[in-house]
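Here the structure comes first, spelled out in structure tokens, and everything after it is commentary.
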Amino acid sequence: MKVSVRFSFGLAVLLTLAVLALSAPWVAPHDPLEQDLLNTFQPPAWFETGSRAFALGTDSLGRDILSRLIYGARAAITVAAVAAVLAALLGSILGLLSGYLGGVVDAIISRLVEIWMAFPPVLLSIVLAAVLGAGLHTVVIAIVVIDWTRFCRVVRAEVMVQRSRDYVASAVTIGLPPMRILASEIVPNVVPLFVTLLSLEMGIAIVVEAILSFAGLSVANDTATWGSMIQEGRQYVRQAWWLMALPMGCIIVSVLAMNALGDGLRELVDPLSRSARR
Amino acid sequence: MNPLLSIRDLALRIGGQPILRGVHLDVHAGQVAGLVGESGAGKSMVGRVVLRLQPEDAHVDRGEVAFDGRDLLWMSEREHATFLGRDIALIPQNPMTALNPVARIAPQMTDVLRMHMGMDRDDALARALESLHDVQIRDPERVLRQFPHELSGGMRQRVLIAIAFACRPKLIIADEPTTALDVTVQKQVLRLLKRLQRAYGTAILFITHDLGVVAKLCDTMSVIHAGRIVEAGPVAQVFLAPAHAYTRALLAATPRYDRPGEALQPIPAALTEQLWNEARTLDTGAA
Numbered sequence: 171m172k173v174s175v176r177f178s179f180g181l182a183v184l185l186t187l188a189v190l191a192l193s194a195p196w197v198a199p200h201d202p203l204e205q206d207l208l209n210t211f212q213p214p215a216w217f218e219t220g221s222r223a224f225a226l227g228t229d230s231l232g233r234d235i236l237s238r239l240i241y242g243a244r245a246a247i248t249v250a251a252v253a254a255v256l257a258a259l260l261g262s263i264l265g266l267l268s269g270y271l272g273g274v275v276d277a278i279i280s281r282l283v284e285i286w287m288a289f290p291p292v293l294l295s296i297v298l299a300a301v302l303g304a305g306l307h308t309v310v311i312a313i314v315v316i317d318w319t320r321f322c323r324v325v326r327a328e329v330m331v332q333r334s335r336d337y338v339a340s341a342v343t344i345g346l347p348p349m350r351i352l353a354s355e356i357v358p359n360v361v362p363l364f365v366t367l368l369s370l371e372m373g374i375a376i377v378v379e380a381i382l383s384f385a386g387l388s389v390a391n392d393t394a395t396w397g398s399m400i401q402e403g404r405q406y407v408r409q410a411w412w413l414m415a416l417p418m419g420c421i422i423v424s425v426l427a428m429n430a431l432g433d434g435l436r437e438l439v440d441p442l443s444r445s446a447r448r
Numbered sequence: 004m005n006p007l008l009s010i011r012d013l014a015l016r017i018g019g020q021p022i023l024r025g026v027h028l029d030v031h032a033g034q035v036a037g038l039v040g041e042s043g044a045g046k047s048m049v050g051r052v053v054l055r056l057q058p059e060d061a062h063v064d065r066g067e068v069a070f071d072g073r074d075l076l077w078m079s080e081r082e083h084a085t086f087l088g089r090d091i092a093l094i095p096q097n098p099m100t101a102l103n104p105v106a107r108i109a110p111q112m113t114d115v116l117r118m119h120m121g122m123d124r125d126d127a128l129a130r131a132l133e134s135l136h137d138v139q140i141r142d143p144e145r146v147l148r149q150f151p152h153e154l155s156g157g158m159r160q161r162v163l164i165a166i167a168f169a170c171r172p173k174l175i176i177a178d179e180p181t182t183a184l185d186v187t188v189q190k191q192v193l194r195l196l197k198r199l200q201r202a203y204g205t206a207i208l209f210i211t212h213d214l215g216v217v218a219k220l221c222d223t224m225s226v227i228h229a230g231r232i233v234e235a236g237p238v239a240q241v242f243l244a245p246a247h248a249y250t251r252a253l254l255a256a257t258p259r260y261d262r263p264g265e266a267l268q269p270i271p272a273a274l275t276e277q278l279w280n281e282a283r284t285l286d287t288g289a290a
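For the protein sequence lines, the chains are A and B, in the order given.
Start counting the first sequence at 171; every next residue gets the next number (this note's numbering).
Start counting the second sequence at 4; every next residue gets the next number (this note's numbering).
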């Protein structure tokens with residue numbers, strides 16, 4: 171089957187990130203925490219004053235940027251995968267029940283979502299960070315706790331649309347039991363939407379991790395993350411703009427890749443768009 | 004002989020608005036009963052009540068729907084579900100939307116067989132193949148592996164007819180099964196339906212607005228207007244000697260191949276007005 175360029179791009183970036191994250195200790199040229207105070211603010215190697223030893227330069231403490239970016243991919247990938255999947259599962263299951271069962275269940279879940287969405291998300295994560303302490307697990311929990319509502323709402327709406335479809339009525343008229351209808355008629359028709367949402371959420375998770383790192387609420391200072399690199403680079407943006415630009419580039423490319431991947435996956439799991447491209 | 008399906012004085016309202024105002028209707032075993040009416044007359048709603056597919060805000064005020072001597076209307080949902088697919092099946096109105104778009108044809112056909120006939124996968128597949136032959140689909144092995152969007156409207160309707168006949172039900176409710184198809188395909192599908200109906204001795208409640216189709220296909224017919232049956236009887240009798248003014252008006256508004264030159268008469272506004280007034284009087288009388 172022919173896959174689109176966007177899908178290949180997304181998959182390639184995601185796989186590269188995953189491989190780099192897993193093999194960081196072997197592929198990183200330096201220890202990301204090793205300071206070299208004689209070589210601070212080295213520009214990337216392609217600048218006139220750059221050096222081969224530090225391919226993407228060094229930061230204010232002389233730490234190797236490339237190595238830090240590679241280690242930063244670990245945090246990004248972990249958050250993107252774990253937080254997005256957990257938020258998606260929690261929200262979708264609640265959305266599915268809410269949309270399919272309706273009535274009291276729907277009323278309770280929908281009110282909960284509304285109250286939840288009224289909380290300012292940043293405030294919620296600051297509170298969580300205060301209670302749970304800084305760390306990657308806090309970021310993951312914060313994203314799950316805040317973003318499940320996104321899935322719940324959209325999945326609920328889609329389930330309600332599906333439930334009123336003729337083929338669901340047809341399934342009722344051949345006497346299929348309700349749980350069977352949910353599993354074989356409704357869920358498969360919600361999957362393309364779920365996949366798209368999930369990949370968008372993975373992009374969002376990477377950005378949220380960066381924001382929390384930037385605000386100093388993510389991992390401890392001794393771990394390299396893209397967000398904390400942007401935050402540190404911000405102070406020296408006039409002398410060494412690449413300190414900020416490089417991790418930002420990483421974030422932008424990853425988020426773009428996630429979105430492209432989502433589009434591609436949706437086409438793959440949806441027979442309608444699958445045949446439309448044939 | 005007792006009718007297979009007997010609807011007595013069925014009244015239903017949606018959001019306080021009366022939709023059915025005391026419908027009487029009989030379908031005898033092995034016969035095709037036509038239910039004819041304009042859009043909004045309530046004809047589809049009758050079929051839906053039998054299948055319990057009426058909208059959630061619909062409220063049945065009174066009446067009786069007896070199937071094979073059992074009252075479908077007031078039995079538990081669980082008990083009612085045991086009839087669906089096995090004894091009573093539906094041929095839906097729009098074949099384009101009645102099949103699950105993300106599932107292949109095979110599981111959609113075998114579900115009902117495995118569910119009600121206790122067949123295993125292979126037996127059900129063999130039976131599905133056989134029923135596709137029955138509905139004259141070319142290359143049925145291929146069709147079983149295809150997705151609904153890969154089939155034409157006529158083919159999808161044949162698949163749905165095959166599903167409806169799969170468990171050899173006693174009654175099939177056909178809700179305007181040819182409205183969404185073009186005329187030539189319509190004719191083939193109707194012929195097919197008639198052939199299967201005869202072969203398996205199935206009773207059909209045929210809901211339509213097309214008097215021509217009723218004349219060709221049905222044994223008995225009922226004319227519905229504003230939620231009540233204004234005339235019922237054997238097809239030949241109703242066509243040759245319509246007793247009710249509305250039936251006469253409907254016939255005059257239908258093109259006839261045996262009288263091509265005749266101008267079509269619209270249904271007189273005064274008659275419609277009068278019928279609606281009668282219907283409203285019925286509502287206030289019941290309240």
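Positions of the beta carbon are idealized from the N, C-alpha and C atoms, including for glycine.
- request: May I have the straight-line CA-CA distance separating residue 203/B from residue 157/B, to the nearest angstrom?
  value: 22 Å
query: Starting from residue 212/A and walking both ways along the alpha helix (DSSP H), at which residues does that stretch end?
result: That residue, residue 212/A, is in no alpha helix (DSSP H); it is neither H nor E in DSSP.
task: Please look up how many angstroms separate the CB atoms of residue 173/B and residue 71/B, rounded, as I've assumed it's under 8 Å.
output: 7 Å
message: residue 195/B and residue 171/B - do their beta-carbons sit closer together than 8 Å?
response: By the CB criterion at 8 Å, residue 171/B and residue 195/B fall outside the cutoff.
- prompt: At which residues does the alpha helix (DSSP H) containing residue 106/B begin and terminate?
  reply: Judged by DSSP secondary structure, residue 106/B falls outside any alpha helix (DSSP H); it is assigned neither H nor E.
- prompt: Within 8 Å (strictly less), CB to CB, does residue 333/A reach chain B?
  reply: no
message: Against chain B, with Cβ distances strictly below 8 Å, would residue 433/A count as a contact?
response: Cβ-Cβ to chain B under 8 Å: no for residue 433/A.
message: I'd like to check one pair, residue 56/B with residue 67/B: are the Cβ atoms closer than 8 Å?
response: no
message: Can you pull out the residues from the stretch 141 to 164 of chain B whose beta carbon lies closer than 9 Å to at least one beta carbon of chain E?
response: The structure shown has no chain E; the protein chains it does contain are A and B.
- request: Spell out the partners DSSP gives residue 292/B in its beta bridges.
  value: Past the edges of chain B, shown from 4 to 290, lies residue 292/B, and the structure says nothing about it.
task: State the Cα-Cα distance for the pair residue 336/A and residue 177/B, rounded to the nearest angstrom.
output: 14 Å
task: Closer than 7 Å by beta-carbon distance: list the chain A residues that pair up with residue 115/B, in chain order.
output: 344
query: Thinking C-beta only, is residue 439/A closer than 8 Å to residue 338/A?
result: no
- prompt: Excluding sequence positions up to five away, which residues of its chain have a Cβ less than 8 Å from the Cβ of residue 280/A?
  reply: The answer, listed in chain order, is 268 and 326.
- request: Check the Cβ-Cβ distances between residue 355/A and every residue of chain B, and say whether any is below 8 Å.
  value: yes
- request: Give every residue of the same chain whose Cβ lies closer than 6 Å to the Cβ of residue 264/A, excluding the five residues on either side of it in the sequence, and list them in chain order.
  value: 279 and 322
- request: Run through the stretch 173 to 229 of chain B for me and flag every whole beta strand (DSSP E) of 3 or more residues, listed as ranges in chain order.
  value: 174 to 178, 206 to 211 and 223 to 228
field: Among 420/A, 317/A and 387/A, the one whose alpha carbon lies nearest that of residue 476/A
entry: In this structure chain A extends from 171 to 448, so residue 476/A is not present and cannot be described.
query: If you draw a straight line from the alpha carbon of residue 257/B to that of residue 273/B, how long is it in whole angstroms?
result: 19 Å
- prompt: Can you name the start and end residues of the alpha helix (DSSP H) that residue 357/A belongs to?
  reply: 357 to 384
message: Here's the rule I'm using: 16 or more other beta-carbon atoms within 10 Å means buried, otherwise exposed. How should residue 58/B be labelled?
response: By the neighbour-count rule (16 or more Cβ atoms within 10 Å), residue 58/B is not buried but exposed.
Contacting positions in the stretch 52 to 81 of chain B - beta carbon closer than 7 Å to chain A: Residues of the stretch 52 to 81 of chain B whose Cβ lies closer than 7 Å to any Cβ of chain A, in chain order: 54 and 56.
Alpha helix (DSSP H) segment containing residue 464/A, residue limits: A query on residue 464/A cannot be resolved here, the shown segment of chain A reaching from 171 to 448 and no further.
- request: Tell me, please, whether the CB atom of residue 180/B is closer than 8 Å to any CB atom in chain A?
  value: no
- request: Flag residue 166/B as yes if its beta-carbon sits less than 8 Å from any beta-carbon of chain A, otherwise no.
  value: yes
message: Could you compute how far the alpha carbon of residue 283/A sits from the alpha carbon of residue 186/A?
response: The alpha-carbon atoms of residue 283/A and residue 186/A are separated by roughly 36 Å.
query: How should residue 241/A be labelled, buried or exposed, when 16 other C-beta atoms within 10 angstroms of its C-beta is the threshold for buried?
result: buried
- request: Give the range of the alpha helix (DSSP H) segment to which residue 147/B is assigned.
  value: 143 to 148
- request: May I ask you to list, following chain order, the residues of the stretch 303 to 337 of chain A that have a beta carbon less than 8 Å from some beta carbon of chain B?
  value: Residues of the stretch 303 to 337 of chain A that bring their beta carbon within less than 8 Å of a beta carbon in chain B comprise 335, 336 and 337, in sequence order.
task: Whole angstroms is fine: what's the gap from residue 431/A's alpha carbon to residue 185/B's?
output: 41 Å
task: To the nearest angstrom, report how far apart residue 269/B and residue 242/B are at their CA atoms.
output: The alpha-carbon atoms of residue 269/B and residue 242/B are separated by roughly 18 Å.
- request: With distances taken Cα to Cα, identify the nearest neighbour of residue 148/A among 324/A, 377/A and 330/A.
  value: It is not possible to answer for residue 148/A, since the shown part of chain A is limited to 171 through 448.
task: State yes or no: is the beta carbon of residue 339/A nearer than 8 Å to at least one beta carbon in chain B?
output: yes
Interface flag, residue 429/A vs chain B, CB-CB below 8 Å: Chain B, which has no Cβ nearer than 8 Å to the Cβ of residue 429/A, makes this no.
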